[in-house]
Amino acid sequence: MVSTHNLGFSRIGAKRELKFALESYWKGQSTCEELKSCGKELRQRHWRLQSTLDLVPVGDFSFYDQVLDMSFTLGNLPERVRGFHGDPLDNYFRVARGRSAQSNHAYCCGDIAAGEMTKWFDTNYHYIVPEFTAATKFKLDSTRLLEQLIEAKKLGVKAKPVIIGPLTYLAIGKTKDGSDKLDLLPQLVQVYTNLLEDLAEQEVEWVQIDEPILVTELDANWQHAFKLAYHQLKASRVKLLLATYFGQLADNQYLAANLPVAGLHVDAINSRHEVLPLIGMLPSHMVLSIGVINGRNIWKTDLTATLDWLEPLAERLMDRLWIAPSCSLLHVPVDLDSEENIDSDIKSWLAFAQQKLEELHILSIALNQGREAVREQLASNHVAIEDRSHSARVHNPAVREALGKLTPKLGQRQNVYAQRARKQAALLNLPKYPTTTIGSFPQTAEIRLARSQFKSRELDYSGYQLAMKAEIERSVREQEALGLDVLVHGEAERNDMVEYFGEKLEGYAFSQFGWVQSYGSRCVKPPILFGDISRPQAMTVSWIKYAQSLTSKPMKGMLTGPVTILNWSFVRDDQPRAVSCYQLALAIREEVLDLEKAGINIIQIDEAALREGLPLRKSQWKEYLNWAVESYRIAANGVKDETQIHTHMCYSEFNDIIAAIAEMDADVITIETSRSDMELLDAFDNFNYPNEIGPGVYDIHSPNIPTQEHIIQLMQKAAERVPAERLWVNPDCGLKTRQWEEVLPALTNMVAAAKKLRATA
Ligand code: GLN
Ligand code: ZN
0 MVSTHNLGFS RIGAKRELKF ALESYWKGQS TCEELKSCGK ELRQRHWRLQ
50 STLDLVPVGD FSFYDQVLDM SFTLGNLPER VRGFHGDPLD NYFRVARGRS
100 AQSNHAYCCG DIAAGEMTKW FDTNYHYIVP EFTAATKFKL DSTRLLEQLI
150 EAKKLGVKAK PVIIGPLTYL AIGKTKDGSD KLDLLPQLVQ VYTNLLEDLA
200 EQEVEWVQID EPILVTELDA NWQHAFKLAY HQLKASRVKL LLATYFGQLA
250 DNQYLAANLP VAGLHVDAIN SRHEVLPLIG MLPSHMVLSI GVINGRNIWK
300 TDLTATLDWL EPLAERLMDR LWIAPSCSLL HVPVDLDSEE NIDSDIKSWL
350 AFAQQKLEEL HILSIALNQG REAVREQLAS NHVAIEDRSH SARVHNPAVR
400 EALGKLTPKL GQRQNVYAQR ARKQAALLNL PKYPTTTIGS FPQTAEIRLA
450 RSQFKSRELD YSGYQLAMKA EIERSVREQE ALGLDVLVHG EAERNDMVEY
500 FGEKLEGYAF SQFGWVQSYG SRCVKPPILF GDISRPQAMT VSWIKYAQSL
550 TSKPMKGMLT GPVTILNWSF VRDDQPRAVS CYQLALAIRE EVLDLEKAGI
600 NIIQIDEAAL REGLPLRKSQ WKEYLNWAVE SYRIAANGVK DETQIHTHMC
650 YSEFNDIIAA IAEMDADVIT IETSRSDMEL LDAFDNFNYP NEIGPGVYDI
700 HSPNIPTQEH IIQLMQKAAE RVPAERLWVN PDCGLKTRQW EEVLPALTNM
750 VAAAKKLRAT A
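Under numbering that gives the first Met the number 0, the first residue of the sequence shown is numbered 0, with each subsequent residue one higher.
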């Protein structure tokens with residue numbers, strides 16, 4: 000018999016119940032008990048939804064983050080949160096957010112620095128980074144896990160506790176004192192041994208131990224550490240299912256196959272070709288769990304094709320074959336059935352978490368009882384798959400034709416930067432150290448009200464348009480009064496920098512409840528890129544033209560780049576990402592050319608998510624950067640020399656992608672630098688980056704108002720690395736999350752600082 004299991008489930012809830020419970024608790028509007036009971040209800044509901052499985056994940060529920068949970072389980076808390084005397088859950092939120100919900104503890108225990116957050120592998124989920132020093136002492140606290148386990152067992156759930164493995168836990172954390180994290184391993188493994196013992200006490204048979212780090216490049220020390228750790232854990236009374244996901248084992252395959260564990264889970268969506276060789280390597284007692292349902296996208300699985308592939312494997316492995324989603328279903332929305340507005344054709348092609356579990360169930364019946372037992376389900380799945388693959392809504396011959404005509408020339412500016420810069424300077428006549436902003440101005444209560452009234456049809460389009468125009472006018476007036484050199488329209492009409500474009504492009508669909516947890520209580524609702532992308536009409540031109548009509552200063556057109564639109568969407572699985580990206584690039588290119596035609600001389604194309612698309616293995620970076628940069632170039636570089644192209648990236652690690660950035664050949668790039676004290680400009684300096692740079696001079700995430708002196712100091716540091724003639728002065732990122740009361744004094748100081756710099760230059 001083939002068994003089924005799941006690696007993890009969403010915890011936020013189909014209607015984001017946990018988000019609202021958390022936020023209400025943090026605001027002091029509900030009690031800790033109410034929050035805990037919401038958690039309990041969600042756990043139970045989600046276990047029920049998984050009841051057809053042979054093994055159900057337990058311990059994957061989290062009030063904030065599963066990595067932070069693991070830090071608490073291992074007793075690895077930063078020094079600064081020790082000695083808190085409120086509810087432990089509150090202490091947990093202190094590490095996560097820097098403060099507890101119980102304000103009375105602000106006096107006795109104080110607010111603290113929140114733990115650093117970073118992306119969980121190549122997903123859009125962010126975890127709280129474990130902190131280590133040479134002095135770190137681990138101490139087991141299995142309370143949370145045992146409580147959930149007991150709760151599950153009471154309900155008759157066939158529980159498989161889920162924990163993060165010791166190597167992955169170490170690898171994704173940071174040492175604070177430069178010590179070697181691997182020195183902590185013997186001590187850490189001891190705590191894991193005790194933890195497994197506690198689980199064995201509960202008569203648990205299987206424990207899932209996640210080691211996704213195995214799909215990344217590991218050096219010899221880490222490979223060796225894997226062997227050491229798992230040889231020690233071998234003595235445990237529970238069976239370990241070592242789970243890998245998000246990629247290929249590649250050169251770690253032999254290592255993974257030979258660790259002394261009872262089972263291994265692999266992601267067959269990303270590494271199907273590795274499965275057969277792996278079976279050959281696997282000791283004959285070992286279970287192989289194959290992740291056959293994509294846990295990262297929202298498409299239906301082709302069940303027939305999957306069965307064609309799985310059946311011979313099932314014959315060979317028999318009881319040793321388990322099937323599962325490729326990774327935790329944390330990364331997909333919960334339930335497609337609640338969607339009322341997705342077009343019925345498109346909806347019939349989709350599967351969210353619940354539907355993915357049904358698919359798994361169908362596969363297991365087919366494997367165990369024969370396809371006949373699920374003939375109808377397989378037939379209707381087949382119809383959906385066929386329908387999608389032939390649909391005219393997916394395939395647009397005109398787009399295909401345009402794509403067939405791509406040439407490198409499309410991505411090339413007419414002349415090199417130095418020549419363009421002269422023509423642009425003559426046209427724009429900007430002062431030295433020109434000032435600008437990154438695009439958005441505060442999304443005020445008026446903007447949000449108008450948008451929600453427009454959505455609920457209380458306001459018609461012309462009323463909505465008037466409201467947005469009023470906001471645009473306000474931001475133009477403010478910018479003129481501030482004395483900024485290059486103005487923006489402020490993005491009042493955009494709810495989100497990707498969704499806005501998705502809504503205007505052909506080939507995109509939107510869900511109502513397709514939320515995926517990004518961090519803590521925050522969720523994102525990625526638009527669904529389902530078909531060939533085209534642009535039926537201009538998307539931004541009328542707003543930008545209107546903004547330009549209000550001022551004689553240059554107005555910067557504002558677009559989101561193809562790579563960022565792609566990386567923040569659910570994308571097609573029926574063609575390479577690169578193809579979707581090129582299609583987006585052609586659509587954005589048309590918009591760029593229309594803006595230019597409308598007399599807009601400066602156009603910014605944001606690529607905030609370029610870096611986060613980098614594959615997990617460095618060996619694959621080059622290929623990604625090739626098509627990503629080429630897509631950007633196609634979008635941006637069709638303009639004449641006089642048109643100045645800006646791009647913006649809001650992060651601070653450029654060292655390893657600086658060559659790609661230079662390839663993009665934007666006339667101006669604005670980046671986030673203020674928190675790094677301009678040191679990250681070294682990457683540009685060392686590379687001799689030739690074009691203009693606007694290093695952010697203040698952190699827009701903070702409500703603090705930057706002083707003139709501080710801005711001047713930062714710009715002086717910048718000028719030591721980049722010639723002053725090529726420097727711009729701007730904030731780190733867009734201002735949409737700030738209030739006008741904060742923006743005005745901050746920009747006043749920024750403009751004053753630029754003037755002083757000019758006077759002394
Ligand atoms: N133009 C966008 C804004 O100003 C850029 C945001 C971003 O890079 N994340 O909001
Ligand atoms: Zn930004």
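Note that CB positions come from ideal geometry on N, CA and C, so glycine has one too.
Burial state of residue i (16 or more Cβ within 10 Å)
i, result
"LYS180", "buried"
"LEU154", "exposed"
"SER9", "buried"
"VAL161", "buried"
"LYS355", "buried"
"GLN812", "Here the chain covers residues 0 to 760 and nothing more, so residue 812 does not appear."
"ASN687", "exposed"
"ILE149", "exposed"
"THR142", "exposed"
"LEU195", "buried"
"VAL1", "buried"
"ARG374", "exposed"
"THR305", "buried"
"LYS596", "exposed"
"TYR460", "exposed"
Sub-7 Å separation of residue i and residue j beta-carbons
i, j, result
"TYR229", "PRO259", "yes"
"VAL475", "THR563", "no"
"ILE656", "ALA584", "no"
"ALA745", "ILE704", "yes"
"GLY74", "LYS138", "yes"
"SER651", "SER618", "no"
"LEU377", "THR303", "yes"
"ARG757", "PRO535", "no"
"THR3", "LEU48", "no"
"PHE131", "GLY172", "yes"
"GLN442", "LYS735", "yes"
"LEU784", "ILE212", "With the chain covering only 0 through 760, there is no way to say anything about residue 784."
"PHE120", "PHE245", "yes"
"VAL286", "GLN247", "no"
"GLY12", "GLN147", "no"
"ASN296", "PHE569", "yes"
"ALA350", "LYS408", "no"
Simplified DSSP assignment, three categories, for residue i
i, result
"VAL265", "strand"
"ARG370", "helix"
"VAL728", "strand"
"SER347", "coil"
"ASP209", "strand"
"ALA20", "helix"
"PRO614", "coil"
"SER770", "Outside the displayed range of the chain (0 to 760) lies residue 770, so it cannot be described from this structure."
"VAL487", "strand"
"PRO561", "helix"
"GLU641", "coil"
Closest by C-alpha distance to residue i, when choosing among the options
i, options, result
"ASP731", "TYR545, ALA170, MET749", "MET749"
"VAL265", "ARG632, TRP514, LEU6, GLY598", "LEU6"
"ILE604", "GLY598, VAL628, LEU615", "VAL628"
"ALA537", "GLY530, GLU590, ASP531, LYS555", "GLU590"
"TRP542", "MET557, GLY530, LYS552", "MET557"
"ASP681", "ASN340, PRO722, SER379", "PRO722"
"VAL66", "GLY164, LYS136, LYS152, GLU357", "GLY164"
"LEU316", "THR30, ASP342, ASN367", "ASN367"
"LEU504", "VAL497, GLY489, SER533, PHE529", "SER533"
"MET663", "GLU691, GLN442, GLN423, ILE111", "GLU691"
"ALA466", "LYS454, TRP626, ILE446, ASP64", "ILE446"
"ALA825", "PRO561, ILE587, ARG588, LEU592", "There is no way to answer for residue 825, as the model of the chain reaches only from 0 to 760."
Contact test: residue i Cβ vs the ligand FAD heavy atom, cutoff 6 Å
i, result
"ILE437", "This structure lacks the ligand FAD; the ligands present are the ligand GLN and the ligand ZN."
> Below 8 Å, can you find three or more Cβ-Cβ pairs linking the region 485-496 to the region 431-439?
Replying inline: Contact holds: three or more Cβ-Cβ distances are below 8 Å.
> Does the count of Cβ pairs from the region 514-533 and the region 116-129 closer than 8 Å reach three?
Replying inline: With the cut-off at 8 Å, the region 514-533 and the region 116-129 touch.
>> Whether or not the region 322-333 and the region 404-422 are in contact is what I'm after, with contact meaning three or more pairs of Cβ atoms, one per stretch, closer than 8 Å; do they touch?
In response: Contact fails: fewer than three Cβ-Cβ distances are below 8 Å.
>> When you compare the region 637-645 with the region 408-422, are there three or more beta-carbon pairs, one atom per stretch, that lie closer than 8 Å?
In response: Result yes; three or more Cβ-Cβ pairs closer than 8 Å.
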